[in-house]
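K.L.:
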Amino acid sequence: MALSICLNFVAVRNYALVNRYSGFADHFNTIGVIWLLMLVAIANQLLKRLHQRWALRPCELAIIYAMLMVATVYPTMGFGGYIIPLISGVFYYATAENRWDELLWQYLPSWAVPQDKSVIRWLYEGGISSPPWDVWFRPLFWWSAFALAFFCMSIVLMVWVRRQWVERERLVYPLTQVPAHLTELTDEGHSGAFLRNRLMWLGFAIAFCLIMYNYAVRTVSALGSFPAIPLAAKAQIPRLGIGFNFGIDTLVIGLTYLVNLDVIFSVWFFHILTSFERGILNLLGLTASGPPQPHAAGGPMLAMQQVGALMVVIAWSLRTAWLQWQHARKEFKKHTAKAKCIGDTHGRILLLTGILCTAFIGGFLFATGMPAWSIPPFLLLALVLFFGTSRLLA
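In terms of this note's numbering, the sequence shown opens at residue 23 and continues consecutively.
#1: Please classify L269: does DSSP put it in a helix, a strand, or coil?
#2: Please state whether DSSP places Q258 in a helix, a strand or coil.
#3: For the stretch 119-136 against the stretch 153-171, do three or more pairs of beta-carbon atoms, one drawn from each stretch, fall closer than 8 Å, so that the two count as touching?
#4: Put I264 into one of helix, strand or coil per three-state DSSP.
#5: According to DSSP, is P161 part of a helix, a strand, or is it coil?
#6: Using the Cα positions of A84 and A202, report the straight-line distance between them to the nearest angstrom.
#7: What residue range is occupied by the uninterrupted alpha helix (DSSP H) comprising H203?
#8: For a quick check, are the C-beta atoms of F408 and S166 less than 9 Å apart?
#9: Can you have a look at V178 and say buried or exposed, based on whether 16 or more other CB atoms are within 10 angstroms of its CB?
#10: For V157, which residues in the same chain have their Cβ closer than 6 Å to its Cβ, ignoring the five residues on either side in sequence?
#11: Would DSSP call T241 helix, strand or coil?
#12: If you measure between the beta carbons of A255 and N236, is that distance less than 9 Å?
#13: Which same chain residues end up closer than 7 Å to P196 when comparing Cβ atoms and leaving out the 5 residues on each side of it in sequence?
#14: If you compare alpha carbons, which of M323, Y96, L305 is closest to L170?
#15: Counting along the chain, where does the alpha helix (DSSP H) carrying H293 start and finish?
#16: Roughly how many angstroms separate the alpha carbons of L204 and R220, rounded to a whole number?
#17: In three-state DSSP terms, what is V194?
#18: Secondary structure at Q328, three-state DSSP: helix, strand or coil?
#19: Residue range of the alpha helix (DSSP H) that V55 falls in?
#20: With H, G and I counted as helix, E and B as strand and the rest as coil, what does DSSP make of M392?
#21: Roughly how far, in whole angstroms, is the beta-carbon of L283 from the beta-carbon of G410, given that I think they are within contact range, below 8 Å?
#22: Leaving out five residues on either side along the sequence, give the residues of the same chain with a beta carbon under 6 Å from the beta carbon of L401.
#23: Give the range of the alpha helix (DSSP H) segment to which Y146 is assigned.
#24: Rounded to the nearest angstrom, what separates K360 and I371 at their Cα positions?
#25: Determine the DSSP secondary structure at P252, reduced to helix, strand or coil.
#26: In angstroms with no decimal places, state the Cα-to-Cα distance between I294 and L262.
#27: Have a look at E82, I228, L59 and flag the residue whose alpha-carbon is nearest the alpha-carbon of D271.
#28: Taking I105 as part of the alpha helix (DSSP H), name the residues at either end of that continuous run.
#29: How close, in whole Å, do the beta carbons of I336 and V406 come, if the pair is a contact with beta carbons under 8 Å?
#30: Tell me whether the beta-carbon of I383 lies closer than 9 Å to the beta-carbon of F172.
#31: My guess is that I397 and F388 are in contact by the Cβ rule of under 8 Å, so how many angstroms apart are they, rounded?
#32: With a cut-off of 8 Å on the beta carbons, I'd call L59 and I86 a contact; round off their distance for me.
#33: Can you give me the Cβ contacts of D366 inside the same chain, cut-off strictly under 8 Å, excluding the 5 residues immediately before and after it?
#34: Taking T375 as the reference, give the member of C174, V285, C231 with the closest Cα.
#35: Can you look up L378 in the DSSP assignment and give me helix, strand or coil?
#36: To the nearest whole angstrom, what separates the beta carbons of L303 and M323, a pair I think is in contact under 8 Å?
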């Protein structure tokens, strides 16, 4: 609990200080989770030297990591970064020009948004010593219940494809490699082998000192006379209107070490290919109309191409899901009488949890005003996109 509170505070405080997204306040604060887990692992080694029974076991460290990964979703862009502005900004940013009070307010359920407009103004402008929780409790309760149901449904889906992804396809899961090393046991039964690796500490020292030096000279006024170490450069091709960034990013270097070589080569190759594609489109004067696409590299034209690439990944993922469904159905029929487990989770509990969570999410969407006929295709499309994204990250 203390680590979760610390993680959430760091995420929100970091965004307030730097006024932009960073590794500690982005979609998921994976950096902060691994950093706290590393501190816990170091403290655990010190406790082990004092008394063997005081130290945490690897399975307990793994539970801490899992709990922190869940806790980091709430204050960052995974949940809180969208929900809080969504249910309050529609009131605060309403003006006579956009006419949100006429066009939108009538469709907002009273239980899903705060009702006191002064409380919303205090949220954005300050002026009160403590939040009025009586106003916020009901909307936050229902949105948290929605998030919990969605998380449980996601866990059900991941357990469903675990055997196919882990045992058959042997996916790497690069974001879990460092936590796995921090919580692992050696063949001799000792933990902490990763922390005793001198090469790891050398790489950590180089990256840590480089980042902290640049951070210090940019934020501490007394060190303002010291020059920052340049870590980035850019090469422009004016005729094509494109440029290539060259820099040293320690996070990318570390992630590259953990990811398969063919995946890294594909990222590098298609980045260069799409850059020249964008340049050729600029040279020919071809543009795509429509709203801006802030989350798509290359603008609206390449955004459609990226969606097409995601569809290919999703199609492959659905093939994986179908293979897993065939296996799960055979196992379920085989062991129904004895109620044995499918993988690591009881088949009936897994199925019941998925059905209940899906039903709650559908009911929530219906209560917010979504037509009943549109809920099944909407949920199916959303789950397919999430499934494809998860497969891509794995």
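The C-beta atom is built at its ideal place from N, Cα and C for all residues, glycine as well.
P.N.:
Taking the geometry as given:
#1: A small correction: the amino acid at residue 269 is Gly; Leu does not occupy that position in the sequence shown. The answer is strand: DSSP assigns G269 an E or B state.
#2: strand
#3: yes
#4: strand
#5: helix
#6: 8 Å
#7: 199-204
#8: no
#9: buried
#10: P136, D138, V141
#11: helix
#12: no
#13: L277, L280, V281
#14: Y96
#15: 283-306
#16: 14 Å
#17: coil
#18: helix
#19: 52-72
#20: coil
#21: Actually they do not touch by this definition, with Cβ atoms about 23 Å apart.
#22: none
#23: 139-147
#24: With a pLDDT of 49 at K360, under the threshold of 50, the modelled position of this residue cannot be trusted, and the question is left open.
#25: coil
#26: 13 Å
#27: I228
#28: 102-114
#29: 5 Å
#30: yes
#31: 6 Å
#32: 7 Å
#33: For D366, the pLDDT reaches just 48, beneath the cut-off of 50, and the residue's location in the model is therefore unreliable, leaving the point undetermined.
#34: C174
#35: helix
#36: 6 Å
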